[in-house]
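Here's the structure we're looking at; comments come further down.
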Amino acid sequence: MKKESKKNDFQLSPEEMEILKKYKKRSFLAETWRGLRKNKGAVIGLIIIALIAFVAIFADLLYDYEEVVIMPDYSATLMSPSLEHPLGTDEFGRDVLARIVHGARLSMEIALLSTAFSLSVGGIIGAYSGYLGGKFDAIVMRIMDIFLAIPNMLLALAIVAALGPNLFNLILAIAISDVPRFARILRSTVLSIKDSEYIEASKAAGARTTTIVFREIIPNCIAPIIVQASIVMAAAIIIAASLSFIGLGVQPPAPEWGAMLSSGRSYMREYNYLVLFPGLAIVITVLAFNLLGDGLRDALDPRLKR
Amino acid sequence: MAHEIPELKVENLVVEYVTEDAVVHAVNDVSFEVPKGSTMGLVGETGAGKTTTALSIMKLLPDPPAKLVSGKIEFAGEDIVPYSEKQMDALRGSTVSMVFQDPMTSLNPVLTVGDQIAEVIRRHQRVSKLEARTKAKEMLELVGISGDRAGEYPHQFSGGMKQRVIIAIALACNPKILIADEPTTALDVTIQAQVLSMMRDIKQKFDTAMILITHDLGVVADICDTVAIMYAGRIIEYGKIEEIFDDFKHPYTEGLFGSLPNLQKRHEKLKPIKGLMPDPSDLPTGCYFHPRCKYATAECAKRQPKKTYLSDTHYVECLAYEEGTGVKIEGGDIK
Amino acid sequence: MKHLKKFMLLVLAAALVLSTFAACGGDVQEKPQPSTSQEPSTGTESTGTETETTGLSRIVVIAQNNDLTTLDPHQHNDLISGNVTRMLYDTLIRLNDKNEYVPCLAQSWEYLDKNTVELKLTPDVQFHDGHVMTSEDVKYSLERQKASSFCGYLLDMITAIEIVDELTLKLTVVDESAALLSSLAHQCSSILPKEYTEKLEGEGKAFSDAPCGTGPYKFDYWNIGDECQIVRFENYFDEAYAAKNEGLKFRYIAEDNSRVIALETGEVDMILRVPSTSVASLEGNSDVKVLRFESCDLNYISPNCSGPLFSNEKLRQAIAHCIDRDAMIQVQCNGNAVPNFAPIGIAAIGYSEPATKREYDLEKAKQLLVEAGYPDGFEFTLSVWGDLNAKSAQVLQAACQQIGVKVNIEILDNSSMVDKCGGAKHDAGMDNWTANSEPDNTYRPWFSRELIGAGGYNWSCYPGEEIEALMEKALSVTDPAERQSYYTQINDFVAEHAVVWPLFSAQGMVATRSNVDGIQLYPTMMHLFQFVTVAE
Amino acid sequence: MHRYILKRLVQLIPVILGVVLIIFLIMDLTPGDPARMVLGNMASEEAIAAFREEQGLNDPLPIRYLRYVFDMLRGSLGTSYRSSRPVIDELLARFPATMQLASASIIFALVISVPIGIVSALKQNSLFDTVGMVAALLGIAMPAFWLGLILIISFSLKLDWLPSSGSGSFKHLILPAVANGVSCAANIARITRSSMLEIIRQDYIRTAKSKGIGKMKVVLKHAMGNCWIPVITVAGLQFGTMLGGTVIIENVFAWNGVGDFLLKSISAKDTPCVLGGIVMFTVVFSVVNLLVDIVYAFIDPRIKAQYQ
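Chains as they are written, first to last, in my numbering: chain L, 1 to 306; chain Y, 1001 to 1335; chain X, 2001 to 2536; chain B, 3001 to 3308.
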């Protein structure tokens, strides 16, 4: 906060500074945390996400990618769960647990990157659109409406189909299909706060539009953004798995959960654990994000508190 | 009057709201009677427990968290507290009806007003759909709305009209007891008068026993026969209208009257009661009113006052009227 | 009254919705309304009831893993559609199950000179529409086929077709070509009724929607994407090949497991292409039998021998030694395949076991890598057709990784594969190929130098002239043993120089209910279904 | 009302044109030569060049887009590269199957979720509520295709109760409809519960109770009457998700519908079919949303008043 006030290229009166400070986020985090802690579901979600994140970050220490995750062992193919291979092995003799662990890394990567992309692009579009209003807003929102008219999954499908299946395109496709959601949310939040006093204060002080959007409006949209982001991340994991399942996502031998399901599918008659466990990994991760999203919404949106 | 069985009798009613954090003592040992054809005003600040008392009589308390802890509620001598939900449903709308506070939200927005009136008629009277509809139109006419509008939806009516519709619903089956919970609070002053006079007319016509909940003493003066003043879940003063209006005894009642603008004594300043109602989950010891009472003494914090009967019909709960307490009321409007 | 009004509004809304679809649909009146055409037509089931009177087996239900693309024999060259069109149409010459060319629609064929062939047609052959086949029809059909981009190349050797009389034709051919007979016997070289086809197409309709031929079955119905039924043709000209069942119903069940389950539950009588993961459980099921046959299939990788990497022969040889065929067969085929080192399927004409077999040997591969000038390894992209092949690709990937070679797997669809590998834009491409009875139909598209980068199947892009020279020699002789000697030389050359990396030939497998008999299996997958019977 | 519907239909046109443009642009990035797709891998270079010229494949993008739009207005969505049949025929042949599946899924979802949502709300914080809402969270977290596989394993392979693939009978419909409908049901159950919780605290519910008409009637007539709007809104939105889901569900259950066709068209690079399929899904989705808005008017007289 100190940094920001130093960087300010305009002067504020002490009263205006007060108004501005009031809306800064320091207490925001603390308050959110307090709200979250009360919500059992959110705490469970947070713990699971932390665990998955931990596993994802230290995946390499748990299982070596080159030697375990993708290296076949033809002497140990299609082994049912045992002590040595807690979740069994696949048709290449690769340890399913090791692949799920590394799959967590992939899924988290996809969810984070695609959400970050759609959030920044959609957020900026929405914030400007809401703030500027007028024709710009009308045109941009029309375009967003058109995007929203296409079911998410189909849009992502078309993009990957056109660009070719690989990790980058997958992330891009999911990101693009989520841009309109963020744009909309940001826009409506901006509309609701743009005429409030602290924005007026900045305007009166002669701040430029860009400064106001980035410094005042976006920080104040954080609550709805966080809620939406956690929901979008959950959806991103499902869409990524779905696309990989139909061969339009991450390519083998990468241990993406959907891709694992896809190859496990031909063995589901005799070796159903091959479709059971990667699916459970998806369910648990998505569930955690949804729990957290619910909790955050309750904590951040006083109107929804019961 | 004591020999006649009153239409409604409430005895030692105690209602609590039990939540995880606290127990809210909403109604504390409330008793009163409403004879046939008479009207009792239930007066008090917001949060005094008036609506809770009314809902207890309807047995419509939100359970959980509300709990009817003890007490009797008698309709024509019959205690309905042990009644099952099914038995209650047979009474609601026919024997006892209620007019709710906010007409804007008390009607179902997706049903026509005709349907909403006919519904209660169909429930309690053996009539055909068509007859119910005709009856509903008659009820509308009775409350001063053209019967042709039975097919319209609530959003097409103004606030006052909606309240009339609600009254029509409440009276559709000629209830013996009518509870009106601040029926005019949400309305414009001119419309208040219309609705009130209408209610009075209808009440007289059907000889209904009525409880009128309000914090507006003017309204009470207009139509009530007896008045109960409620504070923090207790009736702290009860009496005939003249007894209360001309001879109130409780410091709180004094406060209530003092906070009214008085046209006759325009030169006098309003005397609002200082402070706020106590938190009903954390009631003070002794007399609940003592923290705000300008006459309070140390004694008031120690003991809860008992009912002191000043006449057959007038009682007050204040230590000042109990013997040997040493509490005195001096220098106020109380005679 | 009010309810009526509401109802009317709803009807109106529904009508509006329907009309939006109608607006997209254009000529609505010709098509059934979407809402009424939910049930597939089942009106033909009744034919099965005649079983007792005719002594024929009931309609046989066959499940395939892909949908037919067309029933026009000249507009495809795939096995899935072929299984149906082979039953609907006849060719001039028939290749029997002993690999002999025998008369069919043509009674005889004779080289009048080096460039002229005289064909005598079988008389009194009826088309399904009752019309009798003449040389007009044959000329028309062959010319129609020549114009096709799918299978016209099969008849490239025919330069002119002359009608001598009603039942005699003269074909002018480029040279005495060994491939002529096989081409005329190819499933694409079907004979259609000229008048009927011209009339149909003149009306702007597709022949595929109302096919008509001389075959043992005539068209009944085809629900696109679901099933196609053909029924016995009573007036079939060749008693020996007439249908022994009432008809055939080809069902399309894409998913492997679903197809197997459908067989196990008796929903279908036969599945073609048995998923290897299910073989064990099917063989343990007494209601079902698995028929195995040697196939002309080959799974292979074609390195781009003109490309920046694999023009280096040592490098090609190095990777050839990284191929762990046993592992691939285990992972991809569950053991139901045999290793193959030749560029053509084990059961195909033209196959020979190469003199040099580059077995899985990482030490040798490492050594070759050094000789090739890549001691520290390198990286290449393996373009793969289909998810299943990706399994073998991963086996190679893992093996290469151990000698420091990084393989990037890229799974592509068919058209992208042809675009990339056919366009010589690849490092290496992996696919499978089913050879037919004419080896030239395999070797030519694979090794003809003029096809390099032309979008076809010459994915190895080998720039040397050696293979082409042998190929031409093979074509110019008719003695089978002599031809084979040339193909043997090609196979040896390809293996020695690692022009193609053959992987394995999958076991041919068809599974049927145990009461099903009579299917005539061909290594080329061009099975005959007219003798199939179902015991009740 | 009629004018409102008409207005909405007119508003649909630019949206659909926009959707077509977006998908058109995306699909234009697809590598691969349509000409080769149509003519086969053995086609000669000349034949391909001629085909490209004839089909206008060499024209600049805007011209091709406009041509597509005009063709669309005339009821043509182009010709399939694979089958050479009109795309619209291919789509319409499979459309009933997809709608059958989608409607079955949404009906299943509504039938199961609305009662769960209501009971959960009425018995808030009870065991039923907790179990129901945990189940709903799980339902949302489950990818439909995975659930489909699990259902096949349990009900087709292990128990042998229901067919795992194909279409035709009611039995065939059960598993795909359930797999496709569960996440939708979960979402609707959640929204039903939270709207119900809000509604049963409304004054008019108290009014209804005070009439003595009984709890059932209060809930079914008064509370439900007001609950439909959020429920139907979510159902409408979920319908879009479900349409996207059919692409995979139809593949898993070998259901011969537009979704499966779309997926096969994608893997065969049959661009006109992909384009046509997505456009069709989008039109259906938009029309469903329009229907939802129209249904609002029948549920809520206040909204109806706005439409007039």
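Beta carbons are placed, not taken as given, at the ideal position from N, Cα and C, and that holds for glycine.
When the five nearest sequence neighbours on each side are left out, the beta carbons in the same chain lying within less than 7 Å of the beta carbon of X:N2458 are those of P2445, W2446, F2447, S2448, L2451, I2452, in order along the chain.
If you look at Y:A1026, you'll find it in the beta strand (DSSP E) that goes 1023-1034.
Nearest Cα to Y:E1182 within the set Y:G1218, Y:E1011, Y:I1073: Y:G1218.
Those residues of the stretch 2280-2305 of chain X placed with their C-beta closer than 7 Å to a C-beta in chain L are S2281, ordered along the chain. For L:F277, the CB contacts under 7 Å within the same chain, skipping 5 residues up- and downstream, are L87, V96, I100 in chain order.
If only complete runs of 4 or more residues are kept, the stretch 2121-2149 of chain X shows the alpha helix (DSSP H) at 2135-2146, in order along the chain.
The Cβ of X:Y2153 sits closer than 9 Å to at least one Cβ of chain B. Identification of residues in the stretch 215-247 of chain L having a C-beta nearer than 8 Å to some C-beta of chain X yields G247, given in sequence order. Taking 4 residues as the shortest admissible run, the stretch 91-165 of chain L contains the following complete alpha helix (DSSP H) segments, listed from N- to C-terminal end: 96-132, 134-149, 152-163. Nearest Cα to X:I2158 within the set X:S2149, X:L2167, X:V2164, X:K2139: X:K2139. Per DSSP, reduced to three states, the secondary structure at B:I3112 is helical. For the options L:D90, L:A111, L:A53, L:L83, the alpha carbon positioned closest to that of L:Q228 is the one of L:A111. Going by beta carbons, L:P72 and X:V2384 fall outside the 9 Å limit. According to the DSSP assignment, B:C3273 belongs to the alpha helix (DSSP H) that extends over 3271-3299. According to DSSP, Y:Y1309 shares a beta bridge with Y:Y1315.
With a threshold of 9 Å between beta carbons, L:N166 makes contact with chain X. The C-beta distance from B:A3136 to B:A3189 rounds to 5 Å, short enough to meet the 8 Å contact threshold.
Residues of the stretch 1092-1108 of chain Y whose Cβ lies closer than 8 Å to any Cβ of chain B, in chain order: R1092, G1093, S1094, S1097, M1098, F1100, Q1101, D1102, T1105, S1106, L1107, N1108.
Taking a cut-off of 8 Å for Cβ pairs, the stretch 2349-2369 of chain X and the stretch 2309-2319 of chain X touch, as three or more such pairs fall below it.
Beta-bridge partners assigned by DSSP to X:D2431: X:Y2300. Among the residues of chain B, those whose CB is under 9 Å from the CB of X:T2070 are R3082, S3083, S3084, R3085, following chain order.
Between the alpha carbons of X:Q2489 and X:P2275 lies a distance of about 34 Å. Uninterrupted alpha helix (DSSP H) stretches at least 4 residues long and entirely within the stretch 2063-2097 of chain X occur at 2079-2088, given in chain order. When the five nearest sequence neighbours on each side are left out, the beta carbons in the same chain lying within less than 8 Å of the beta carbon of B:V3279 are those of I3016, V3019, V3020, I3023, M3072, L3077, in order along the chain.
Within the same chain, and ignoring the five residues on either side of Y:L1055 in sequence, the residues whose Cβ sits closer than 6 Å to its Cβ are L1061. One Cα belongs to B:N3180, the other to B:A3186, and the distance between them is close to 11 Å. Within chain Y, the residues F1100, Q1101, D1102, T1105, S1106 have their CB atoms less than 8 Å from the CB of B:D3203, given in chain order. Contacts with chain L at 9 Å (Cβ-Cβ) include X:A2390. In the three-state scheme derived from DSSP, where H, G and I count as helix and E and B as strand, L:M79 is classed as coil. The CB of L:I70 comes closer than 7 Å to the CB of A2398 in chain X, given here in chain order. Linking L:V68 to X:Y2360 through their CA atoms gives a straight-line distance of about 22 Å. For the C-beta of X:V2418, the chain B residues within less than 8 Å are, from N- to C-terminus, R3036, N3041.
The closest CA to that of X:N2334, considering only X:N2436, X:M2509, X:L2068, X:F2219, is found on X:M2509. Contact between X:V2260 and X:L2291 does not hold, since the beta-carbon distance rounds to 15 Å and is not under 8 Å. Residue environment analysis places Y:V1143 among the buried positions, since at least 16 neighbouring C-beta atoms fall within 10 angstroms of its C-beta. In the structure shown, X:Q2229 adopts extended strand secondary structure according to DSSP, grouped into three states.
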